[in-house]
Structure formats: structure tokens, C-alpha cells
Amino acid sequence: MQWNLATRHQMLLEITNAVISKTSNQEFLNALAAVVKKYFPCDRLSINLYDKKGQSLKYFTNAAGIDPKGISSLDRRPLLKGTIAKMAIQSRQPVIIDDLSQYKDMFSIGQMVKAGLISTLAFPLVMRNIVFGSLHFSFKKTPENLSELSELLTEVSKQVAIAVDNLVAYNRLKNEKQNLEREKRYLIGDSEDYKSKDFCYTSPQMTEVMRVVKRVAEIDAPVFITGETGTGKDFLARYIHHISPRKDYMFVKVNCPAIPPTLFESELFGHAKGAFTGADSMRVGRFEMADMGTIFLDEVGELPENQQVKLLQVLQESRFERVGDSRPIEVDFRLIAATNRDPVKSIQEGKLRNDLYYRLNIIQIHVPPLRERVGDIPLLIEQVTLNESDQIHQPAPRYAQQALQLLNAYHWPGNVRELKNFVKRMIILKPGGLINSHDIEKMIEFEEQTNVEKNIPIPTLAESERIFIEQALIKCRGIIGGKNGAARLLDVPRSTLQYRMKKYGIKPEITVQMGD
Numbered sequence: 109m110q111w112n113l114a115t116r117h118q119m120l121l122e123i124t125n126a127v128i129s130k131t132s133n134q135e136f137l138n139a140l141a142a143v144v145k146k147y148f149p150c151d152r153l154s155i156n157l158y159d160k161k162g163q164s165l166k167y168f169t170n171a172a173g174i175d176p177k178g179i180s181s182l183d184r185r186p187l188l189k190g191t192i193a194k195m196a197i198q199s200r201q202p203v204i205i206d207d208l209s210q211y212k213d214m215f216s217i218g219q220m221v222k223a224g225l226i227s228t229l230a231f232p233l234v235m236r237n238i239v240f241g242s243l244h245f246s247f248k249k250t251p252e253n254l255s256e257l258s259e260l261l262t263e264v265s266k267q268v269a270i271a272v273d274n275l276v277a278y279n280r281l282k283n284e285k286q287n288l289e290r291e292k293r294y295l296i297g298d299s300e301d302y303k304s305k306d307f308c309y310t311s312p313q314m315t316e317v318m319r320v321v322k323r324v325a326e327i328d329a330p331v332f333i334t335g336e337t338g339t340g341k342d343f344l345a346r347y348i349h350h351i352s353p354r355k356d357y358m359f360v361k362v363n364c365p366a367i368p369p370t371l372f373e374s375e376l377f378g379h380a381k382g383a384f385t386g387a388d389s390m391r392v393g394r395f396e397m398a399d400m401g402t403i404f405l406d407e408v409g410e411l412p413e414n415q416q417v418k419l420l421q422v423l424q425e426s427r428f429e430r431v432g433d434s435r436p437i438e439v440d441f442r443l444i445a446a447t448n449r450d451p452v453k454s455i456q457e458g459k460l461r462n463d464l465y466y467r468l469n470i471i472q473i474h475v476p477p478l479r480e481r482v483g484d485i486p487l488l489i490e491q492v493t494l495n496e497s498d499q500i501h502q503p504a505p506r507y508a509q510q511a512l513q514l515l516n517a518y519h520w521p522g523n524v525r526e527l528k529n530f531v532k533r534m535i536i537l538k539p540g541g542l543i544n545s546h547d548i549e550k551m552i553e554f555e556e557q558t559n560v561e562k563n564i565p566i567p568t569l570a571e572s573e574r575i576f577i578e579q580a581l582i583k584c585r586g587i588i589g590g591k592n593g594a595a596r597l598l599d600v601p602r603s604t605l606q607y608r609m610k611k612y613g614i615k616p617e618i619t620v621q622m623g624d
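Numbering (our numbering), first residue to last: 109 to 624.
See below:
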């Protein structure tokens, strides 16, 4: 084909029209390859992205055309000396190789030769005077007009550079938006159970706690909440934020023990793009998300000492740097922290730094365990029953007076969290029914066996229900229905029990073996 001016313009126009609407890398390259093949035979078309800082390459997407074995990985790879891509990137000039066999000692070129490719053209991709990649055309039969074709493809490479740069920027913004959406979903999901009206209490102990809470909410000072596991420290922290002057901004929870040590700085302070392997986009950390709002450090006493030091520095200076970025970021936040340990004892044991404790402990609020606020139990049961039955679309059960008396007398080692799990189980097992003293006695016996005698943490709702069903089946020797069956013992329809057994993968014969 003769590359006259009209043909050149027509090809460039077709390339623009073909790729302009593409938002995925693979669709982009496939569309480009389709136009190219209309004008000249091309057996392989590929694009590399160049990372100058890491001196490495990564394929923009899977190559179009021939796929030589061993060189099509999308993983990042070093920019090796003597490679075609490096020649084009370093020289910033087109590279013309009409005989690849001369370079077959290099692994990638050797694989191309084995696949039948004999020649190639490579062009640097340049934007804003920065080389950010390379464009490659490879052939099984060398075109007769290789030099003339190279001139045309130099113009094509300039157009491709603009389009690829735009698509890379688009994907980066898309990834950052997705990251922010994930963060948003995390925060919404983490707080979806919170409703301030659910904070119900009448006991003198909680009345005093709430008197202090309402007074300190308006004071922009750190708050340190202490109390046993399950007492509602998280809920109280959210309540403080909800009635504070910062309520229109974010409440950001950090579950300190759940953060892997290697990700501590990235989670709290964020990271720059390319800060480490896998950091394909910039990430906003928890402190930055909490700017103008409240950050809640849950179980802060569980952090290792080296992480406590890093945390203390941010609390003192109200500034930090993202991982991989030297620019300081200043933030304005309200700090609330919580622990289920005795902080003084933790200091004595060397688990909590003195200086961090003094920074956190400007205002301390202790949440009493549920066993010390017995007057709140009926209110909590009523409120949780209404909330949970509405959430799972089941009619709320009713409680006999004797049942409520037993619940009032129970010591609730798991506090409010245990009470919520208990109520959820009752809704599932007896929707719309009457909860009597026998039901409560069975449940308390189960709780004491699993939580006290075995000294294990309060199980989740699903775990508790599964264990409860297994215990009933063991007691009934695997019998499901009939007067001696587990369904009757649990006071649920046989079909309901069978559905739950299927859900949790419980087989009657296995429970018989467990009982033996």
C-alpha cells in the first residue's frame, strides 16, 4: 500500500474513532489492532507501560495477535539491558529490527522467534516530554516498505500515546473512585446498626455515664472509653460524635487489633501510588478520612509498642505523611479511644505506653457491665427485639414474665453483645411465639456451657445457632421429628429445623457420633 497523505490521514482518523470510546485496556488494544490490520499485515501488537522510578515494565494489557510462550504475563518485570523496549524508551526514537534472530539469545526475543515472528518495530510513547511506555508491531513476514511504514507508525504512536495516557488516567481515577466507594461502604456498613434512639437506659449507673457523655460531647477533647467486651463502647463513641459539633463530618472507626502490622501505616496514614508492590493507586488513610470529624481507635491497647509510637506522633502533631510520600498532611479530628483492659494495669505490664495513655486519657468514661445495670435489661430486650425482628422480617416474639425475670437474673458475661445475640436467636427459633421460662433455662444452660465452662469468646449468631442445634440433636440421638425429636425439644417446626440443618451443613448421623 502507498502511504500517501490521504491514506495517512484516513488511518489516523479511523484509529481515533475506533479507540476514543474504549474504557478498558483490552478493548482499546483490540480496536487499535483491527484498524492496523486493515492497512498492513501485523501479527502481534503490544503496549508496555514504563515505571521510571522502579525501572520496570508492565504490559498495558494482553497483546493482540500471536502470544509467544512465557512472555505474555501481565506482571511487572525489570527493564533489562538490550531489550527492544529499553532501546525505544532510552533513545526516545523508533527501533527497527528486520531480523529478530540476531537477538534470539535474549529470552523474550527468542520466544518471539520460536513463535514465527521475524521482525519488529518499536516506538516510545511520550506525553508532556516524559516517556511512559512503548508500542510494538511484530511480523511473521517483514513488510517490504519497513522504513516508510516506520515513518507512518511514528505518527500513529503519537496518537496512541495521547489515547493511552488518557485511558491510564481514566483507569487511575476509576480505581481511586472505587477505593473511595469501598471506604464509604466500609464506613456505612460499619455504622448501619447505629441509631441514637436505640440508646435506652434507666439505671442510675448509665444515667450518670450519659450525663458525663452529654457534657463532654461539646468539648473538643480526647475521650478514653473503658469497659468490658460487649458493653457498647463502640456505640457510645458514635453517640458522642452524633451529638458533637463534628456530627456533619465522618466518624471513622479503626479496629486496632485487626490491622496487620505490615499494613498499619498504610491503613492509618494512606499510601501514594507506587509506594509498594500492589499500590496501583493512591489510598486515603483513616486519619485523613476523619479530617474535621471523629476518629475512633477501638482496642487501642492491643497495638504493639512500635505502632503506639507512630500513633503518638500523629496525635501530638496532628500531621502525618502517606507511605511513599514526603509531603506532610495536616488534619483536624476529634479523638475517641477505647479498651477492654485496665489501662493502669496495661501500663504496669508494659503493654501500654505511659505517654500514649496520658495523651488519650484527657476525659475517661467507664461503661459498666450489663450485670451492674439490671434495670436496663427489659428495655434493651424490648428495643433489640423490635429492631432485629424488623431487620430479618420476622414477627417479634413475646416474653412471659418468668422469662424476663430469669433474663434479669442472668449475669450476662458477654454484656449487651451477648444479649443481642440471644434476642436474635429467639426471633429465629420462635418468631411471633411466646418465650417462656423453659426456653430461657435452656438458653442459659447452653450459654454457660459454651462460654463459661469452656472459657471461649461469645460466639456469633450463626455459630451459636449451629451449636445449639447440634446440642439438641446430640441429646435426641439424631432424631429430628416426633415426640423424642430435636424439633420438639427446640419447640420449632420440623421443616424449620431441617432448613437450619441444611444451612449449617449439620447431618444427624454426625451428631450421633459426636454424642458417642
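We put the CB at the ideal spot given by N, CA and C, even for glycine. Note that the structure is predicted; figures quoted are calculated from it, not measured.
| Check | Outcome |
| --- | --- |
| Residue interval of the beta strand (DSSP E) (run including Tyr-309) | No beta strand (DSSP E) contains Tyr-309, which DSSP labels as neither H nor E. |
| Any alpha helix (DSSP H) of 4 or more consecutive residues that is wholly inside the stretch 152 to 229 | 192 to 199 and 215 to 222 |
| Where Glu-645 falls: helix, strand or coil (DSSP) | Missing from the structure shown is residue 645; the chain here goes from 109 to 624 and no further. |
| Classification of Asp-207 by the beta-carbon crowding that lies within 10 angstroms, buried from 16 upward | exposed |
| Rounded straight-line distance, which links the Cα of Ile-575 to that of Gly-586 | 14 Å |
| Span separating the alpha-carbon of Tyr-347 from that of Glu-407 | 18 Å |
| Spatial distance of Gly-623 from Val-331 (CA atoms) | With a pLDDT of 43 at Gly-623, under the threshold of 50, the predicted position of this residue should be treated as unreliable, and no value is reported. |
| Leu-542 - DSSP class collapsed to helix/strand/coil | strand |
| Bridge partners - Ala-445, DSSP secondary structure assignment | Phe-332 and Leu-405 |
| 4-residue-minimum alpha helix (DSSP H) runs that sit fully inside the stretch 462 to 529, ordered along the chain | 462 to 468, 485 to 499 and 509 to 517 |
| With 16 other Cβ atoms within 10 Å as the buried cut-off, status of Val-417 | exposed |
| Supposed close pair Ile-536, Glu-578 - CB separation, criterion 8 Å | Incorrect: roughly 16 Å between the Cβ atoms, too far for contact. |
| Outcome for Asn-523 when other beta-carbon atoms lying within 10 angstroms are tallied against a minimum of 16 | buried |
| Beta-carbon proximity of Ser-154 to Pro-186, cut-off 7 Å | no |
| Integer Cβ distance of Ser-265 from Phe-240, believed to fall under 8 Å | The Cβ separation is near 12 Å, so there is no contact. |
| Test: Thr-339 CB closer than 7 Å to a CB of chain D | Going by chain labels, chain D is absent from the structure shown, which holds only one protein chain. |
| Alpha-carbon spacing of Asp-463 relative to Leu-420, whole angstroms | 8 Å |
| Pairwise C-alpha distance: Ala-445 and Lys-538 | 38 Å |
| Beta bridge counterpart(s) of Val-360 as assigned by DSSP | Ile-403 |
| C-alpha distance - Thr-339 paired with Ala-504, whole-angstrom precision | 24 Å |
| Inter-stretch contact at 8 Å, needing at least 3 Cβ pairs: the stretch 353 to 369 / the stretch 379 to 398 | yes |
| Rounded straight-line distance, which links the Cα of Lys-381 to that of Ala-142 | 33 Å |
| Close-in-space but distant-in-sequence residues of the same chain around Ile-455 (CB under 8 Å, 5 per side omitted) | Arg-461, Asn-462 and Tyr-465 |
| Continuous beta strand (DSSP E) stretch holding Pro-436: start and end | 436 to 438 |
| The stretch 242 to 250 / the stretch 218 to 229 touching (three or more Cβ pairs under 8 Å) | yes |
| Cβ contact (3+ pairs, closer than 8 Å) linking the stretch 365 to 374 and the stretch 503 to 522 | no |
| Bounding residues of the alpha helix (DSSP H) (the contiguous stretch that carries Glu-396) | 394 to 397 |
| Helix, strand or coil at Arg-430 according to DSSP, with G and I counted as helix | coil |
| Selection from Lys-355, Ala-580 and Asn-448 that minimises the alpha carbon distance to Ile-403 | Lys-355 |
| Ile-535 in three-state terms, based on DSSP | helix |
| Lys-161 to His-379 span [Cα, whole Å] | 16 Å |
| Contact set for Cys-168: own chain, Cβ-Cβ below 6 Å, skip 5 residues either direction | Inspection of the sequence shows that residue 168 is occupied by Phe rather than by Cys. Cβ neighbours of Phe-168 beyond the five flanking positions: Asn-133, Ile-155 and Leu-157. |
| When Leu-605, Asn-448 and Thr-334 are compared against Asn-469, the one with the closest alpha-carbon | Thr-334 |
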